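Engineer:
Residue numbers (the numbering used here), protein chains in the order written: chain S, 127 to 342; chain E, 127 to 342.
1. In terms of residues, what are the limits of the alpha helix (DSSP H) holding residue 283 of chain S?
2. For residue 322 of chain E, which of E:134, E:143, E:288 and E:253 has the nearest alpha-carbon?
3. What's the gap between the Cα of residue 148 of chain E and the Cα of residue 244 of chain S?
4. If you draw a straight line from the C-alpha of residue 168 of chain S to the C-alpha of residue 329 of chain S, how long is it?
5. Among S:209, S:232 and S:200, which one has its Cα closest to the Cα of residue 145 of chain S?
6. With burial defined as no fewer than 16 other Cβ atoms inside 10 Å of the residue's Cβ, what is the status of residue 303 of chain S: buried or exposed?
7. Does residue 256 of chain S have its Cβ less than 8 Å from a Cβ in chain E?
8. For a cutoff of 8 Å on Cβ pairs, would you count residue 90 of chain S as touching chain E?
9. Are three or more beta carbon pairs between the segment 224–237 of chain S and the segment 217–233 of chain E nearer than 8 Å?
10. Can a CB atom of chain S be found closer than 8 Å to the CB of residue 287 of chain E?
11. Enumerate, from N- to C-terminal direction, the unbroken alpha helix (DSSP H) stretches of 4 or more residues contained entirely within the segment 172–251 of chain E.
12. Grab the span of the alpha helix (DSSP H) containing residue 304 of chain S for me, first residue to last.
13. At the 8 Å Cβ level, is residue 310 of chain S part of the contact set with chain E, yes or no?
14. For residue 291 of chain E, is the classification buried or exposed, using 16 other Cβ atoms within 10 angstroms of its Cβ as the cut-off for buried?
15. Label residue 198 of chain S either buried or exposed according to how many other C-beta atoms from any shown protein chain fall within 10 Å of its C-beta, with 16 as the threshold for buried.
16. Using a Cβ-Cβ distance cut-off of 8 Å, determine whether residue 300 of chain E contacts chain S.
17. List the residues of chain E that residue 270 of chain S touches, going by C-beta distances under 8 Å, in chain order.
18. Of the residues that make up the segment 141–161 of chain S, which ones have a beta carbon closer than 9 Å to any beta carbon in chain E?
19. Can you list, in chain order, the residues of the segment 310–324 of chain E whose Cβ is nearer than 7 Å to any Cβ on chain S?
20. Do residue 249 of chain S and residue 308 of chain S have their CB atoms nearer than 8 Å?
21. Compare the C-beta of residue 210 of chain S with all C-beta atoms of chain E and state if any pair is closer than 8 Å.
22. Closest by CA to residue 160 of chain E, which one among E:150, E:174 and E:151?
23. Compute the Euclidean distance between the alpha carbons of residue 183 of chain E and residue 255 of chain S, then round it to the nearest angstrom.
24. Applying the criterion that 16 or more other CB atoms from any shown protein chain within 10 Å of the CB defines a buried residue, is residue 157 of chain E buried or exposed?
25. DSSP three-state call for residue 338 of chain E: helix, strand or coil?
26. Got a sec? Which residues, its chain only, sit under 8 Å from residue 335 of chain E by beta carbon, not counting five neighbours each side?
27. So the candidates are E:162, E:284, E:233 and E:213; which of them puts its Cα closest to the Cα of residue 187 of chain E?
28. Hey, residue 166 of chain S and residue 271 of chain S: beta-carbon distance below 8 Å or not?
29. My output table needs one value for residue 166 of chain S: the three-state DSSP class, helix, strand or coil.
30. Give the residues of chain S in contact with residue 234 of chain E, contact being defined as C-beta atoms less than 8 Å apart.
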């Protein structure tokens with residue numbers, strides 16, 4: 127019995143580890159996509175686009191494994207909640223991978239031009255840094271279940287929202303002659319980063335809720 | 127025992143019915159949001175914004191009920207898959223409600239002006255109609271588990287993608303002097319409708335997979 131219980135515990139730990147692995151894959155993608163779109167790096171954009179299939183496959187395998195654990199182990203209520211939450215987190219992380227993929231596709235679409243004009247390079251570089259920071263924090267939150275850090279993810283998302291507002295107001299007030307096409311690209315890119323951060327917050331909030339039973 | 131089994135069946139049927147109810151709430155929101163943004167109708171926009179909280183609460187209650195059913199009934203593998211799928215569908219539907227809410231917020235932000243200029247009123251009116259049609263089909267797919275109609279949702283999503291491309295190319299080629307601010311609004315509105323349709327397709331695909339065990 128002790129052996130069976132231990133195998134079950136290994137399975138639960140394996141789910142957590144897979145969520146961390148998925149977070150690392152997504153972090154790599156958003157860092158590469160950010161560099162690709164800032165510097166019109168086609169090879170890097172292609173790497174992100176190719177990696178998206180692997181991220182999707184990894185998530186599907188993880189979700190199938192979670193459902194299998196629920197079916198076989200008939201977990202108690204608290205474990206069941208944790209497993210259902212893990213599926214929701216994997217969906218958030220997969221979506222973060224999609225958004226990195228979208229960013230890379232804008233880089234590819236405009237290559238050999240750079241999708242981001244000089245006047246907006248700084249806020250987009252900062253958005254890339256905030257996305258990277260939030261992803262790393264989310265990986266730590268999943269590993270440590272540190273509720274203070276989970277709250278910090280939510281606070282740091284405000285930086286992304288500020289940068290997003292800055293991008294929009296820079297586009298609107300631009301006097302350098304941005305084209306409507308460029309405005310569309312920048313609007314979508316801004317939206318992708320904002321949604322990326324929202325999903326990072328969602329993962330952190332799910333961990334917070336699992337640990338405390340309440341929303342912050 | 128027959129009585130207990132029947133109560134369980136009632137619970138499963140109740141989950142399906144709640145998904146249909148949620149679909150109906152979301153359909154109402156996207157129809158109202160579309161009218162609000164096309165005609166700068168502030169009262170209608172406020173109705174959609176207020177309804178979003180109810181949609182979120184309804185989804186949370188439904189998900190809690192599903193987890194409770196899994197914990198109490200320890201369902202066989204096929205029922206477990208159906209219940210997990212129901213949670214994923216409720217997440218898609220809740221997100222469709224969010225997107226209708228976003229559309230309504232653009233209407234409110236630009237009121238008393240209309241967010242959509244004359245030159246783009248037709249494609250956005252059509253996008254609203256396609257969103258409504260897809261939502262109604264999704265409700266039918268959930269009720270009837272009709273796999274042909276599930277495939278049709280995916281085909282009809284192509285209409286939304288075509289309309290979205292038309293909107294983007296109209297903005298880029300515009301000679302009527304669209305401002306960058308209007309271009310940003312229209313880009314985001316187009317994106318919201320496109321994502322709304324994507325989630326409708328996702329719900330239809332989940333039903334298709336539940337019934338057939340394969341993806342189309």
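Even for Gly, the Cβ is constructed at its ideal location relative to N, Cα and C.
Quick caveat: nothing in here was measured; it's all calculated off a predicted structure.
Structural biologist: Here's the rundown:
1. As a first step, residue 283 of chain S is located in the first chain; it is residue number 157 there, counting from the start. Looking at the DSSP string, the run of the alpha helix (DSSP H) that includes residue 283 of chain S is 273–298.
2. The residue labelled residue 322 of chain E in the question sits at position 196 within the second chain. When each option's Cα is compared against that of residue 322 of chain E, the closest is E:253.
3. Locating residue 148 of chain E in the second chain gives position 22, where the first residue counts as 1. Locating residue 244 of chain S in the first chain gives position 118, where the first residue counts as 1. Going from the Cα of residue 148 of chain E to the Cα of residue 244 of chain S covers about 46 Å.
4. Working through the first chain from its first residue, we reach residue 168 of chain S at position 42. Working through the first chain from its first residue, we reach residue 329 of chain S at position 203. Near 30 Å, if we compare the C-alpha coordinates of residue 329 of chain S and residue 168 of chain S.
5. The residue given as residue 145 of chain S occupies position 19 in the first chain. The option with the nearest alpha carbon to residue 145 of chain S is S:209.
6. Here the question's residue 303 of chain S lines up with position 177 in the first chain. Under this definition residue 303 of chain S is an exposed residue.
7. Along the first chain, read from residue 1 onward, the residue named residue 256 of chain S stands at position 130. Taking Cβ atoms only, chain E never reaches closer than 8 Å to residue 256 of chain S, which makes this a no.
8. Outside the displayed range of chain S (127 to 342) lies residue 90 of chain S, so it cannot be described from this structure.
9. no
10. Here residue 287 of chain E refers to the residue found at position 161 of the second chain. Not one chain S Cβ lies under 8 Å of residue 287 of chain E.
11. 203–236
12. Numbered from 1 along the first chain, position 178 holds the residue referred to as residue 304 of chain S. No alpha helix (DSSP H) contains residue 304 of chain S, which DSSP labels as neither H nor E.
13. Here the question's residue 310 of chain S lines up with position 184 in the first chain. With 8 Å as the cut-off, residue 310 of chain S counts as an interface residue toward chain E.
14. In the second chain, the residue the question calls residue 291 of chain E occupies position 165. Its Cβ having fewer than 16 others within 10 Å, residue 291 of chain E is exposed.
15. For this step, residue 198 of chain S is matched to residue 72 along the first chain. Answer is exposed; the Cβ neighbour count stays below 16.
16. Taking the first residue of the second chain as 1, we reach residue 300 of chain E at position 174. For residue 300 of chain E, the answer is yes, since a Cβ of chain S falls inside 8 Å of its Cβ.
17. Here residue 270 of chain S refers to the residue found at position 144 of the first chain. None at all; the shortest Cβ gap to chain E is about 25 Å.
18. none
19. 310, 313, 314 and 317
20. The residue you call residue 249 of chain S lines up with position 123 of the first chain. The residue you call residue 308 of chain S lines up with position 182 of the first chain. The answer is no: Cβ separation not under 8 Å.
21. To locate residue 210 of chain S, count along the first chain from 1; it is residue 84. Yes, residue 210 of chain S lies at the interface with chain E (some Cβ there is under 8 Å from its Cβ).
22. Counting from one through the second chain, the residue named residue 160 of chain E turns up at place 34. Among E:150, E:174 and E:151, the Cα nearest to that of residue 160 of chain E is on E:174.
23. Here residue 183 of chain E is taken as the residue at index 57 of the second chain, counted from 1. Here residue 255 of chain S is taken as the residue at index 129 of the first chain, counted from 1. Spanning the two alpha carbons is a distance of roughly 34 Å.
24. Translated into positions along the second chain, residue 157 of chain E becomes position 31. Buried, by the Cβ-count rule.
25. Counted from its first residue, the second chain places residue 338 of chain E at position 212. Looking at residue 338 of chain E - three-state DSSP - the assignment turns out to be helix.
26. Along the second chain, one-based indexing puts residue 335 of chain E at 209. Only 211 and 341 meet the Cβ criterion.
27. As a working note, residue 187 of chain E is residue 61 in the second chain. The residue with the shortest Cα to Cα distance from residue 187 of chain E is E:213.
28. As a working note, residue 166 of chain S is residue 40 in the first chain. As a working note, residue 271 of chain S is residue 145 in the first chain. Going by C-beta atoms, residue 166 of chain S is not nearer than 8 Å to residue 271 of chain S.
29. Against the first chain, residue 166 of chain S aligns to sequence position 40. Residue 166 of chain S: coil per DSSP, three-state reduction.
30. Position 108 of the second chain, counted from the start, is the residue given in the question as residue 234 of chain E. Chain S residues near residue 234 of chain E: none, gap ~17 Å exceeds 8 Å.
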